[in-house]
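**Student:**
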Amino acid sequence: MTIEIRPYHPTDLASLYRICLQTGDNGNDASGLYADPFLLGHLWAGPYAVLEPELCFVLTNDHQPIGYILGTADTATFGTRCEAEWFPPLRQRYSMPAPGDNSREAASIRQIHQGHERSNQWPEFPAHLHIDILPQGQKQGWGRKLMEHFCHHLAEQGVGGVFLGVSPDNGNAVDFYRHLDFEPVDGQAGILAKRT
Ligand SMILES: CC(C)(COP(=O)(O)OP(=O)(O)OC[C@H]1O[C@@H](n2cnc3c(N)ncnc32)[C@H](O)[C@@H]1OP(=O)(O)O)[C@@H](O)C(=O)NCCC(=O)NCCS
3 MTIEIRPYHP TDLASLYRIC LQTGDNGNDA SGLYADPFLL GHLWAGPYAV
53 LEPELCFVLT NDHQPIGYIL GTADTATFGT RCEAEWFPPL RQRYSMPAPG
103 DNSREAASIR QIHQGHERSN QWPEFPAHLH IDILPQGQKQ GWGRKLMEHF
153 CHHLAEQGVG GVFLGVSPDN GNAVDFYRHL DFEPVDGQAG ILAKRT
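The sequence shown begins at 3 in my numbering and counts up by one.
#1: Buried or exposed: PRO128, going by 16 or more other Cβ atoms within 10 Å of its Cβ?
#2: Along the chain, where does the alpha helix (DSSP H) that runs through ALA51 open and close?
#3: Can you list, in chain order, the residues of its chain whose CB lies under 6 Å from that of ALA108, leaving out five sequence neighbours each side?
#4: Can you tell which of ARG146, ASP134, MET149 has the C-alpha that lies nearest to the C-alpha of ILE68?
#5: Relative to the C-alpha of GLY102, which residue among VAL164, ARG112, TYR96 is closest?
#6: Rounded to whole angstroms, what is the Cα-Cα separation between ILE114 and GLY43?
#7: Between which two residues does the beta strand (DSSP E) containing TYR96 stretch?
#8: Assuming GLU6 is part of the beta strand (DSSP E), what are its boundary residues?
#9: Should VAL168 be counted as a contact of ligand 1 given a C-beta to heavy atom distance under 7 Å?
#10: Helix or strand or just coil, what does DSSP make of ASN174?
#11: Measuring only from the beta carbon, is LYS2 closer than 7 Å to any heavy atom that is part of ligand 1?
#12: Cβ of ASP171 within 8 Å of Cβ of ASN28?
What follows is the structure, encoded as structure tokens:
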């Protein structure tokens with residue numbers, strides 16, 4: 003078993019979608035919760051890997067992807083690019099759910115129609131990130147290494163800070179981020195940030 007971090011390659015995209023789904027229920031496998039296995043990836047993996055591949059890094063075990071870290075150096079520009087380049091075909095593919103549909107699938111489709119943030123409320127933290135590792139790669143120090151790798155690349159680009167969103171229900175992730183000195187922004191428990 004050889005675990006290592008390497009840059010994203012376009013052939014990784016399907017693996018990133020799979021990992022996104024298999025960690026999509028507050029860190030646990032969400033496969034049983036979505037009839038469409040691609041919805042979470044369309045939102046939280048695909049646009050970052052495709053639009054900002056230089057900030058996407060893959061964790062592999064014997065060359066098979068088992069985790070990733072990805073994000074954007076500039077949240078506002080990324081959200082604007084998603085509007086122009088990523089979401090339009092998805093909005094044609096997934097029509098708006100009925101108002102009374104409270105399923106998780108419906109919530110994801112509404113998010114596709116809403117898009118990602120086109121402005122950044124926290125100028126001192128222009129970047130944001132997502133990190134997901136399958137259970138076989140967890141608790142061995144790879145999460146820390148991925149975060150350090152990502153922040154190092156941001157710092158090299160002159161980006162001074164990064165934020166992330168986390169559900170307070172994902173206690174494992176919250177404790178991990180807090181251990182790595184991420185702090186709540188504006189008193190919001192679900193938004194944590196750190197200077198690079
Ligand atoms: C959250 C996640 C990225 C953490 O990665 P990991 O590889 O398991 O964490 P590491 O082994 O690198 O831990 C790094 C440090 O954080 C600490 N840590 C990790 N989890 C912790 C926890 N729940 N509570 C306290 N400390 C924790 C470790 O002890 C370690 O400390 P050290 O480096 O000072 O010795 C990973 O578990 C994961 O991908 N989970 C599923 C998907 C998910 O929830 N993603 C986040 C969505 S917002």
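Cβ atoms here follow ideal geometry from the backbone N, Cα and C, with glycine treated the same way.
**Tutor:** Considering the structure as presented:
#1: As a first step, residue 128 must be located in the sequence shown, where it is residue number 126. The residue in question, PRO128, is buried, as its Cβ has 16 or more Cβ neighbours within 10 Å.
#2: By 1-based counting over the sequence shown, the position of residue 51 is 49. Residues 48-53.
#3: What you label residue 108 is simply residue 106 of the sequence shown in a count that begins at 1. PRO99, listed in sequence order.
#4: Residue numbering aside, residue 68 sits at position 66 when the sequence shown is read from its first letter. Comparing Cα-Cα distances from ILE68 to each of ARG146, ASP134, MET149, the minimum goes to ASP134.
#5: Within the sequence shown, residue 102 is the residue found at index 100, counting from 1. It is ARG112 whose Cα lies nearest to the Cα of GLY102.
#6: As a working mapping, residue 114 is identified with position 112 in the sequence shown. As a working mapping, residue 43 is identified with position 41 in the sequence shown. Their Cα atoms are separated by approximately 11 Å.
#7: As a working mapping, residue 96 is identified with position 94 in the sequence shown. That residue, TYR96, is in no beta strand (DSSP E); it is neither H nor E in DSSP.
#8: The residue you call residue 6 lines up with position 4 of the sequence shown. Unbroken beta strand (DSSP E) run through GLU6: 5-9.
#9: Numbered from its first residue, the sequence shown carries residue 168 at position 166. Between ligand 1 and the CB of VAL168, the shortest heavy atom gap is smaller than 7 Å.
#10: In the sequence shown, counting from the first residue as 1, residue 174 sits at position 172. Three-state DSSP puts ASN174 in a helix.
#11: Examination of residue 2 is not possible in this model, given that the chain is present from 3 through 198 alone.
#12: Within the sequence shown, numbered from 1, the residue matching residue 171 stands at position 169. Within the sequence shown, numbered from 1, the residue matching residue 28 stands at position 26. Result yes, Cβ atoms of ASP171 and ASN28 sit closer than 8 Å.
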